[in-house]
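Data first, discussion second: the structure below is written as structure tokens.
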Amino acid sequence: MKLIELAVRRPTAILSIVLMVLLMGWLALQTIPIQLTPDVRKPLIMIQTSWPGASPAEIEREIVIPQEEKLKGLEGLERMESRARRGRGTIYLEFNITADRNKSILLINNRLQQVNGLPEEADEPMLKTRDTDDNPIAWFSITKLPGNSKSIRSYGDFLDDVVRDQLERVNGV
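Everything in the sequence shown is counted per this note's numbering, starting at 261 for the first residue and increasing by one.
Following this line, the structure appears as structure tokens:
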């Protein structure tokens, strides 16, 4: 109760203390070494299996469902999402932060080897890894204005040679 009375009688002192704590927290956050910040990227692994000419229904029935059945219950698996398109089936696996990516890839590969009865025309499943950091934060595009005779390829070269270089020099990019 005394703290509330103090806050009512001396609001300026309380405001000063709060601002000082905020300032010290901000300074600590700015000076903490990057090695001490935790790695909070979730491992994402994508399994892609191609079967040229197959319909989405065939892909789902013959490839995606058997693979999903074998992949259920993987250690650290948080979410599994799949898509079947013409000629290709894709399964996205998202693991928790503590999961070891290399161990997860090994387990996935072992489980995929256990899948029987895949069509002969289907390619071997391909594994690709991604992090949540791989998703772009911003996109931009260029367009050629009407009446401009300059090749659009020259603008791409300009972006690669000049703009990308300058963007990569910005801290945090």
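In this text, a Cβ means the ideal position worked out from N, Cα and C, and glycines have one as well. Only a predicted model underlies this, so the values are computations on that prediction, with no experimental measurement involved.
Could you have a look at PHE418 and say whether DSSP puts it in helix, strand or coil?
-> As a working note, residue 418 is residue 158 in the sequence shown. Residue state, collapsed to three classes: helix.
Measure the C-alpha to C-alpha separation of ASN431 and MET340 and round it to an integer number of angstroms.
-> Numbered from its first residue, the sequence shown carries residue 431 at position 171. Numbered from its first residue, the sequence shown carries residue 340 at position 80. So the alpha carbons of these two residues sit roughly 35 Å apart.
Throw me the rounded Cβ distance for the PRO206 and TRP311 pair, which I believe falls under 8 Å.
-> Beyond the ends of the chain as shown, which are 261 and 433, falls residue 206; an answer cannot be given.
Tell me whether LYS410 counts as near the ligand NAP, meaning its Cβ is closer than 8 Å to at least one heavy atom of that ligand.
-> Of ligands this structure carries none, so the ligand NAP is not represented either.
Straight-line Cα distance separating GLN290 from THR309 = One-based indexing of the sequence shown puts residue 309 at position 49. One-based indexing of the sequence shown puts residue 290 at position 30. In this structure, the alpha-carbon of THR309 lies about 45 Å from that of GLN290.
In angstroms with no decimal places, state the Cα-to-Cα distance between ILE277 and ALA267.
-> Here residue 277 is taken as the residue at index 17 of the sequence shown, counted from 1. Here residue 267 is taken as the residue at index 7 of the sequence shown, counted from 1. So the alpha carbons of these two residues sit roughly 11 Å apart.
Secondary structure of LEU304, DSSP reduced to three states = Counting from 1 along the sequence shown, the entry for residue 304 is found at position 44. DSSP places LEU304 in strand when its eight states are reduced to three.
Bridge-paired residues (DSSP) for LYS337 | Your numbering for residue 337 matches position 77 in the sequence shown. Checking the displayed sequence, the identity of residue 337 turns out to be Leu instead of Lys. Bridge partners of LEU337 according to DSSP: PHE355.
Nearest-angstrom Cα distance between ASP417 and ARG390?
-> Residue mapping note: residue 417 aligns to position 157 of the sequence shown, counting from 1. Residue mapping note: residue 390 aligns to position 130 of the sequence shown, counting from 1. Looking at the two C-alpha atoms, the distance is approximately 27 Å.
Give the secondary structure of LEU405 by DSSP, where H, G and I count as helix, E and B as strand, and everything else as coil.
-> Position 145 of the sequence shown holds residue 405. In the structure shown, LEU405 adopts coil according to DSSP, grouped into three states.
Can you grab the Cα-Cα spacing for the pair THR403 / LYS410, in whole Å?
-> For the purposes of this step, residue 403 is taken as the residue at position 143 of the sequence shown. For the purposes of this step, residue 410 is taken as the residue at position 150 of the sequence shown. When rounded, the distance between both Cα atoms is 11 Å.
Would you tell me roughly how many angstroms separate the C-alpha atoms of LEU387 and ARG424, rounded to the nearest one?
-> Here residue 387 is taken as the residue at index 127 of the sequence shown, counted from 1. Here residue 424 is taken as the residue at index 164 of the sequence shown, counted from 1. Roughly 29 Å between the two C-alpha positions.
Exposure of PHE355, with buried meaning 16 or more beta-carbon neighbours within 10 Å = Here residue 355 corresponds to residue number 95 of the sequence shown, with the count starting at 1. Flag for PHE355 reads buried.
Between THR358 and ILE307, is the Cβ-Cβ spacing less than 9 Å?
-> Here the question's residue 358 lines up with position 98 in the sequence shown. Here the question's residue 307 lines up with position 47 in the sequence shown. Cβ distance not < 9 Å, so THR358 and ILE307 don't count as in contact.
Would you kindly report the start and end of the unbroken alpha helix (DSSP H) that includes VAL278?
-> On the sequence shown, position 18 is the one that residue 278 refers to. First-last of the alpha helix (DSSP H) with VAL278: 271-291.
Any idea if PRO271 is buried or exposed, counting beta-carbon neighbours within 10 angstroms, 16 or more meaning buried?
-> Counting from one through the sequence shown, the residue named residue 271 turns up at place 11. Answer is exposed; the Cβ neighbour count stays below 16.
Sub-9 Å separation of PRO316 and ARG346 beta-carbons | Numbered from its first residue, the sequence shown carries residue 316 at position 56. Numbered from its first residue, the sequence shown carries residue 346 at position 86. If you check the CB distance, PRO316 and ARG346 come in under 9 Å.
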